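>
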Amino acid sequence: MEKSKKIIDYKDHTIEITPQEDRCSLFAVTIFNKEGKEVKYSSRAGKNETVAFENAKKMIDFDIEYEK
């Protein structure tokens, strides 16, 4: 059985959340750029989907600020 994934778009990126237990985290996050290339992966994104999405958004915002 395939794990259910949740996908949202955020600032020209796509965030994919997948249920995955790793220590105290229950979700992994993969971030893709607008070309569809994977740019980040974290196996410990959060204890629930909301936290995982918020952490992914913070990663994207940080990278955007860093590139300025």
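Under my numbering, the first residue of the sequence shown is numbered 7, with each subsequent residue one higher.
Ideal Cβ positions, reconstructed from N, Cα and C, are used throughout, including at glycine.
The structure presented is a predicted model; accordingly, all values stated were derived computationally and were not measured.
1. Counting only the same chain and skipping the five closest in sequence on each side, list residues whose C-beta sits under 8 Å from that of His19.
2. Any idea which residues DSSP pairs Asp15 with across the strands?
3. Taking the straight line between their C-alpha atoms, what separation do you get for Glu73 and Lys43?
4. Considering Cα atoms alone, identify which of Ile70, Phe68, Lys63, Glu71 is closest to Glu22.
5. Judging by CA-CA distance, which residue of Val57, Lys11, Ile13 is the nearest neighbour of Cys30?
6. Check the DSSP bridge columns for Ser48 and list the partner residues they point to.
7. Compare the C-alpha of Glu55 against each of Ser49, Phe33, Ser10 and name the closest.
With the structure as the only source:
1. Counted from its first residue, the sequence shown places residue 19 at position 13. If the five residues before and after His19 are omitted, its C-beta is found closer than 8 Å to the C-beta atoms of Ile37, Phe38, Asn39, Lys40, Val45, Ile66, all from its own chain and listed in chain order.
2. Position 9 of the sequence shown, counting from 1, holds the residue named residue 15. Beta-bridge partners of Asp15 (DSSP): Thr20.
3. As a position in the sequence shown, residue 73 is number 67, starting the count at 1. As a position in the sequence shown, residue 43 is number 37, starting the count at 1. Computed Cα separation, rounded: 17 Å.
4. Start at 1 with the first residue of the sequence shown, and residue 22 comes out as number 16. Nearest to Glu22 by C-alpha distance, out of Ile70, Phe68, Lys63, Glu71, is Lys63.
5. Counting from 1 along the sequence shown, the entry for residue 30 is found at position 24. Considering only Val57, Lys11, Ile13, the residue with the shortest C-alpha distance to Cys30 is Val57.
6. Taking the first residue of the sequence shown as 1, we reach residue 48 at position 42. Note: Ser48 sits in a beta bridge opposite Val35.
7. One-based indexing of the sequence shown puts residue 55 at position 49. It is Phe33.
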